[in-house]
Amino acid sequence: MADDDEDDRLLTADALKRSRLRNEIRFVVDGEDLMHYLHGEGIYAADGIEAPKPGIILLDLNMPKKDGREALAEIKADPVLRRIPVVVLTTSKAEEDIFRSYDLGVNSFITKPVTFEGLAEVMQTLAHYWFDLVELPQDGENDIT
Numbered sequence: 001m002a003d004d005d006e007d008d009r010l011l012t013a014d015a016l017k018r019s020r021l022r023n024e025i026r027f028v029v030d031g032e033d034l035m036h037y038l039h040g041e042g043i044y045a046a047d048g049i050e051a052p053k054p055g056i057i058l059l060d061l062n063m064p065k066k067d068g069r070e071a072l073a074e075i076k077a078d079p080v081l082r083r084i085p086v087v088v089l090t091t092s093k094a095e096e097d098i099f100r101s102y103d104l105g106v107n108s109f110i111t112k113p114v115t116f117e118g119l120a121e122v123m124q125t126l127a128h129y130w131f132d133l134v135e136l137p138q139d140g141e142n143d144i145t
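Residues in the sequence shown are numbered from 1 upward in steps of one, following the UniProt record's numbering.
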């Protein structure tokens, strides 16, 4: 999960736990950190923090350094990364953000619910859909980033 808001990261982790998702979740704090993670660069280099390829990416749009739109465009333009499903999970309801995200290749666009119960329900549905129903390419581990 790429999200600059620590509270959102903690709430999402709790909501995923409540949904009984057994997959490991890893967090990055902005789009630049996400791209370093995905390319195994910086602190994620061989001698740094382990960075297994994610099975799905939860992506906030509005982050510092490199926003989610820029990161999404880079991911979907990269032949190695483009198969990783990307789900935008953001507070934005702007039609421009929805259209642009799909134009850039996002797999799903979800507006973050305002309550924890709503977020827990979304995470349970998301986990069921992406890990129980959908067939994903099996060329890496199915972690959530």
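Here a beta-carbon is modelled for each residue, glycine too, at the ideal position from N, C-alpha and C.
- Measuring C-alpha to C-alpha distances from THR91 to each of MET63, GLU24, ASP14 identifies MET63 as the nearest.
- The Cβ-Cβ distance between VAL87 and LEU126 falls below 8 Å.
- DSSP places GLY40 outside both helix and strand once states are collapsed to three, so it counts as coil.
- The DSSP assignment places complete alpha helix (DSSP H) segments of no fewer than 4 residues inside the segment 44-131 at 68-77, 95-103, 116-128, in order along the chain.
- For LEU59, same chain residues with a beta-carbon under 6 Å away, outside a window of 5 residues either side, are ALA2, GLY68, VAL86, VAL88 in chain order.
- Counting along the chain, ALA13 sits inside the alpha helix (DSSP H) bounded by residues 6-18.
- With fewer than 16 other CB atoms across the displayed protein chains lying within 10 angstroms of its CB, THR115 is exposed.
- When the Cα atoms are used, LYS53 and LEU38 turn out to be separated by approximately 7 Å.
- Looking only at LEU10, GLU74, ALA13, ILE98, the smallest Cα-Cα distance to LEU34 is reached by GLU74.
- Between the alpha carbons of ILE110 and TYR102 lies a gap of roughly 12 Å.
- By the beta-carbon neighbour count (other beta carbons within 10 angstroms, threshold 16), ASP7 is exposed.
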